[in-house]
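K.L.:
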Amino acid sequence: MAMWRFDFYNTHIDFLRWSKLAMGWSIAVLLIAVGSLLFRGMNLGLDFTGGTVIEVQYPNPADPTQIRATLAKAGFGDAQAQHFGTARDVLIRIPPRAQTNAATLSNDVLHTLQGVEGGANVTLVRAEFVGPQVGQELVEQGGLAALGALLGILVYVMFRFEWRLAIGTVAATVHDVIFTVGWFSLFQIEFDLTVLAAVLAVIGYSVNDTVVVLDRIRENFRKRRKGTAIEIMNLSINETLSRTTMTSFVTLLSVIVMYFFGGTVMRGFSIAMIVGIVVGTYSSIYVASATALYLGISREDLLPRAKETADERP
Numbered sequence: 072m073a074m075w076r077f078d079f080y081n082t083h084i085d086f087l088r089w090s091k092l093a094m095g096w097s098i099a100v101l102l103i104a105v106g107s108l109l110f111r112g113m114n115l116g117l118d119f120t121g122g123t124v125i126e127v128q129y130p131n132p133a134d135p136t137q138i139r140a141t142l143a144k145a146g147f148g149d150a151q152a153q154h155f156g157t158a159r160d161v162l163i164r165i166p167p168r169a170q171t172n173a174a175t176l177s178n179d180v181l182h183t184l185q186g187v188e189g190g191a192n193v194t195l196v197r198a199e200f201v202g203p204q205v206g207q208e209l210v211e212q213g214g215l216a217a218l219g220a221l222l223g224i225l226v227y228v229m230f231r232f233e234w235r236l237a238i239g240t241v242a243a244t245v246h247d248v249i250f251t252v253g254w255f256s257l258f259q260i261e262f263d264l265t266v267l268a269a270v271l272a273v274i275g276y277s278v279n280d281t282v283v284v285l286d287r288i289r290e291n292f293r294k295r296r297k298g299t300a301i302e303i304m305n306l307s308i309n310e311t312l313s314r315t316t317m318t319s320f321v322t323l324l325s326v327i328v329m330y331f332f333g334g335t336v337m338r339g340f341s342i343a344m345i346v347g348i349v350v351g352t353y354s355s356i357y358v359a360s361a362t363a364l365y366l367g368i369s370r371e372d373l374l375p376r377a378k379e380t381a382d383e384r385p
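Just so it is clear: in the sequence shown, position 250 is 321 by my numbering, and no numbers are missing.
1. Considering just the uninterrupted stretch of the beta strand (DSSP E) at Thr352, what are its terminal residues?
2. Which ranges would you report for the alpha helix (DSSP H) in the stretch 145-215 if only whole runs of at least 4 residues count?
3. My output table needs one value for Thr141: the three-state DSSP class, helix, strand or coil.
4. Would you say Ile345 and Leu312 are within 8 Å of each other, going by their C-beta atoms?
5. Assign Glu233 to one of three DSSP states: helix, strand, or coil.
6. Taking the DSSP output, what are the residues bridged to Ile125?
7. Could you say if the stretch 336-350 and the stretch 262-272 meet the contact criterion of at least three C-beta pairs nearer than 8 Å?
8. Could you spell out where the alpha helix (DSSP H) holding Asn309 opens and where it closes?
9. Using a Cβ-Cβ cutoff of less than 7 Å, which residues in the same chain neighbour Thr362 once the five nearest sequence positions on both sides are dropped?
10. Under DSSP, the alpha helix (DSSP H) around Asn279 begins and ends at which residues?
11. Could you pull out every residue in the same chain whose Cβ sits closer than 7 Å to the Cβ of Ala145, ignoring the five residues on either side in sequence?
12. Pop quiz: Ala104 and Gly253 are said to be a contact at Cβ under 8 Å. What is the actual Cβ separation, rounded to whole angstroms?
13. Give a yes or no on whether the C-beta atoms belonging to Gly86 and Asn305 are separated by under 8 Å.
14. Candidates Glu261, Leu215, Val124: which alpha carbon is nearest Phe155's?
15. Could you tell me whether the stretch 127-147 touches the stretch 158-165, where touching means 3 or more Cβ pairs closer than 8 Å?
16. Among the residues of its own chain, which have a CB less than 8 Å from the CB of Ser177, if the five just before and after it don't count?
17. Using DSSP with H/G/I as helix, E/B as strand and the rest coil, what is Leu323?
18. Assuming Asp280 and Thr244 form a contact by the criterion Cβ under 8 Å, report the distance between their Cβ atoms to the nearest whole angstrom.
19. Determine, for Leu267, whether the minimum Cβ-Cβ distance to residues of chain D falls below 8 Å.
20. Ignore the nearest five residues each way along the sequence and tell me which others in Val226's own chain have a CB closer than 7 Å to its CB.
21. Quick one, which of Ile84, Thr82, Lys91 has its alpha-carbon nearest Tyr365's?
22. Below 8 Å on the Cβ atoms is my guess for Asp286 versus Gly351; work out the distance and round it to an integer in Å.
23. Going by beta-carbon coordinates alone, are Ile368 and Arg235 separated by less than 8 Å?
24. Give me the residue from Pro135, Val127, Gly148, Val100 with the minimum Cα distance to Ile249.
25. Taking buried to mean at least 16 other C-beta atoms within 10 Å of its own C-beta, is Glu211 buried or exposed?
26. Kindly list the residues whose CB is nearer than 8 Å to the CB of Gly333, restricted to its own chain and excluding five residues on each side of it in sequence; keep chain order.
27. What residues in its chain sit with their C-beta under 6 Å from that of Ser360, if we drop five residues either side in the sequence?
28. Return the CA-CA distance between Met317 and Lys294, expressed in angstroms with no decimal places.
29. Quick one: what's got a C-beta closer than 6 Å to Met94's C-beta in the same chain, skipping five residues either side?
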């Protein structure tokens, strides 16, 4: 443990030595992500595309994994099942099907579940159709939520720090969001409301991680009278490296556990958080700091300005 603390608290890594290479790699990856979003699009889930929602109730606790397997054998391979309220209540979602209304679809699903062992007493609680218009509204509201978060971050950091650091923070956050969403587009992983919530969480995580580094940069610019901007930034990144690494590691560990044991419902959320944490740690070190450096930030930009007072002496 002592060696661990020594290694992480006394590093002298020249991070910004590879800033140009890192920025080039980031731009290339972002172009791939944007290209995938434009040409492949997103694999939107039922929350955004609409479909039939069926709620059933079991007399005893039910297993959603077994229910999904049963429905898949009956031709409903795209059905989703999850607990809703109690362990006996299950919510089933099925994508839109041509020439099939909600009543017919719900009866077919109910008969399928009642036809297996232990399903004779399954009852239908409700069945309703969610139109694509609702999904379109969710897409718009989710986009506005992300945009509002980014604008709020820009205003906060601009007043809290300095406009170059604010642009660096927003650049890092936009980088993380596009990378995460592009990952889902490139590999056609289903994007639903839980993933959207994860993307918003990634925004908060990225900003929190970046602000810690930028706060140390500002502190060292004011405290140290010698050293170039690159040297002070490298020093600040090294001084916060232990905090950045440990926070990312612990958070990533908990999300990985969620990925393996959280079930299918939490799979997309876990993937978004894993990707967001990894790329967020990278962007806090390279994208935010390098952007501010390329914009020409210096010690004079971060020194507190002396207040001008009128000389009232005769």
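We treat Cβ as the ideally placed atom computed from N, Cα and C, and that holds for glycine.
P.N.:
Looking at the coordinates:
1. Counted from its first residue, the sequence shown places residue 352 at position 281. If you look at Thr352, you'll find it isn't in any beta strand (DSSP E); it sits in the alpha helix (DSSP H) that goes 338-356.
2. When DSSP assignments are scanned along the stretch 145-215, the uninterrupted stretches of alpha helix (DSSP H) that are 4 or more residues long and fall wholly within it turn out to be 173-185.
3. Within the sequence shown, the letter at position 70 stands for residue 141. The answer is helix: DSSP assigns Thr141 an H, G or I state.
4. Counting from one through the sequence shown, the residue named residue 345 turns up at place 274. Counting from one through the sequence shown, the residue named residue 312 turns up at place 241. Not closer than 8 Å, so no.
5. Here residue 233 is taken as the residue at index 162 of the sequence shown, counted from 1. It is coil, neither helix nor strand.
6. Here residue 125 refers to the residue found at position 54 when the sequence shown is read from its first residue. The partner list for Ile125 (beta bridge, DSSP) reads Ile163, Ala198.
7. Yes, they touch.
8. Here residue 309 refers to the residue found at position 238 when the sequence shown is read from its first residue. In this chain, the alpha helix (DSSP H) harbouring Asn309 covers 300-310.
9. As a working mapping, residue 362 is identified with position 291 in the sequence shown. When the five nearest sequence neighbours on each side are left out, the beta carbons in the same chain lying within less than 7 Å of the beta carbon of Thr362 are those of Ile238, Gly239, Ala242, in order along the chain.
10. Numbered from its first residue, the sequence shown carries residue 279 at position 208. Start and end: 264-294.
11. As a working mapping, residue 145 is identified with position 74 in the sequence shown. Closer than 7 Å at the Cβ level, and outside the excluded window around Ala145, lie Thr183.
12. By one-based count along the sequence shown, residue 104 stands at place 33. By one-based count along the sequence shown, residue 253 stands at place 182. Contact flag correct, Cβ pair sits at about 2 Å.
13. Within the sequence shown, numbered from 1, the residue matching residue 86 stands at position 15. Within the sequence shown, numbered from 1, the residue matching residue 305 stands at position 234. Position check: residue 86 holds Phe in this sequence, whereas Gly was assumed. The answer is yes: Cβ separation under 8 Å.
14. Counting from 1 along the sequence shown, the entry for residue 155 is found at position 84. Just measuring C-alpha positions, the residue of Glu261, Leu215, Val124 sitting nearest Phe155 is Val124.
15. Because the criterion of three Cβ pairs below 8 Å is met, the stretch 127-147 and the stretch 158-165 touch.
16. What you label residue 177 is simply residue 106 of the sequence shown in a count that begins at 1. Once the five neighbours on either side are set aside, the close Cβ partners of Ser177 are Thr123, Ile125, Leu195, Ala198.
17. Residue numbering aside, residue 323 sits at position 252 when the sequence shown is read from its first letter. Leu323 falls in the helix class under three-state DSSP.
18. Locating residue 280 in the sequence shown gives position 209, counting from the first residue. Locating residue 244 in the sequence shown gives position 173, counting from the first residue. In fact, because the Cβ distance is near 10 Å, the residues do not count as touching under 8 Å.
19. No chain D appears in this structure, which consists of one protein chain only.
20. Working through the sequence shown from its first residue, we reach residue 226 at position 155. Answer for Val226: no residue qualifies.
21. Position 294 of the sequence shown holds residue 365. Checked all of Ile84, Thr82, Lys91; the closest Cα to Tyr365 is Lys91.
22. Translated into the one-based positions of the sequence shown, residue 286 becomes position 215. Translated into the one-based positions of the sequence shown, residue 351 becomes position 280. With a Cβ gap of about 16 Å, Asp286 and Gly351 do not count as contacting.
23. Counting from one through the sequence shown, the residue named residue 368 turns up at place 297. Counting from one through the sequence shown, the residue named residue 235 turns up at place 164. It is a contact, given that the beta carbons lie within the stated cut-off.
24. Start at 1 with the first residue of the sequence shown, and residue 249 comes out as number 178. Shortest Cα-Cα distance from Ile249 to any of Pro135, Val127, Gly148, Val100 involves Val100.
25. Sequence index remark: in the sequence shown, residue 211 carries index 140 (1-based). By the C-beta density criterion, Glu211 is exposed, having fewer than 16 other C-beta atoms within 10 angstroms.
26. Locating residue 333 in the sequence shown gives position 262, counting from the first residue. Excluding residues within five positions, the ones whose Cβ falls inside 8 Å are Phe340, Ser341.
27. Here residue 360 corresponds to residue number 289 of the sequence shown, with the count starting at 1. Take Ser360, set aside five residues on each side of it, and the residues of its chain with a beta-carbon closer than 6 Å to its own are Met304, in chain order.
28. Stepping through the sequence shown from its first residue, residue 317 is reached at position 246. Stepping through the sequence shown from its first residue, residue 294 is reached at position 223. Each residue's Cα considered, the two are about 26 Å apart.
29. Sequence index remark: in the sequence shown, residue 94 carries index 23 (1-based). Counting only Cβ-Cβ distances below 6 Å, and skipping sequence neighbours, we find Ala361.
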